Amino acid sequence: MLINHPLLGPRDTQEFTYLGDASLMNRPDPTALGAAQAFHDYLYLRDNPAGEHRELWFHEQGDRSWLVVTRNTVTHEILKVELARDVALAQPALEAAR
Numbered sequence: 014m015l016i017n018h019p020l021l022g023p024r025d026t027q028e029f030t031y032l033g034d035a036s037l038m039n040r041p042d043p044t045a046l047g048a049a050q051a052f053h054d055y056l057y058l059r060d061n062p063a064g065e066h067r068e069l070w071f072h073e074q075g076d077r078s079w080l081v082v083t084r085n086t087v088t089h090e091i092l093k094v095e096l097a098r099d100v101a102l103a104q105p106a107l108e109a110a111r
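The numbering of the sequence shown is the working numbering, which starts it at 14 and goes up by one.
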C-alpha cells in the first residue's frame, strides 16, 4: 500500500507507523467538568469502523511528519492524505486559542 505524502509524494507504508484514530488529536480539556470520565473515554474507548475512517500515521523512516490518512478499512483504498498540523490548525477550537 502506498501513502501519497503531501510533501514527499508516494511512499510505501513500511516507512510509517500507524497510531490509531485521528480523533486522538482532540484531547479532552483537563480543567473541564467531568474531565476524569472524558479522559477515560479518550484513552480506552475505541470504534472499529468498517468503511471510511480517518487515521493518524507517523512518517517514522522519513521526514518524521504526522499525517491524517482517510482510508477505507474494508478495501484499504486511501482516499485523502493531509498533514496533521494543517488538520489541527483548521479546527475551530484551536483557531480561537491562537
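For glycine and all other residues, C-beta sits at the position ideal for the given N, C-alpha and C.
Remember, it's a predicted structure, so these values are computed and weren't measured experimentally.
- Query: Contact check, asparagine 39 vs isoleucine 91 under 8 Å by CB: the rounded distance?
  - Reply: With a contact defined as Cβ atoms closer than 8 Å, asparagine 39 and isoleucine 91 miss out at about 22 Å.
- Query: Does the beta-carbon of valine 87 have 16 or more other beta-carbons within 10 angstroms, so that it is buried, or is it exposed?
  - Reply: The residue is exposed, with fewer than 16 neighbouring Cβ atoms inside 10 Å.
- Item | Three-state secondary structure (DSSP) of arginine 40 | Arginine 40 falls in the coil class under three-state DSSP.
- In angstroms with no decimal places, state the Cα-to-Cα distance between threonine 83 and threonine 44. Approximately 31 Å, taken between the alpha carbons.
- Message: Check whether the segment 89 to 104 and the segment 44 to 64 touch, using three or more Cβ-Cβ pairs below 8 Å as the test.
- Response: Because the criterion of three Cβ pairs below 8 Å is not met, the segment 89 to 104 and the segment 44 to 64 do not touch.
- Query: Whose CA, out of Pro41, Leu20 and His89, lies closest to the CA of glycine 64?
  - Reply: Nearest option by C-alpha distance: His89.
- Query: What are the partner residues of glycine 64, as DSSP defines its beta bridges?
  - Reply: BP columns for glycine 64 are empty, so no partner.
- Item | tyrosine 31 versus leucine 80: straight-line alpha-carbon distance, rounded | It is roughly 10 Å from the alpha-carbon of tyrosine 31 to the alpha-carbon of leucine 80.
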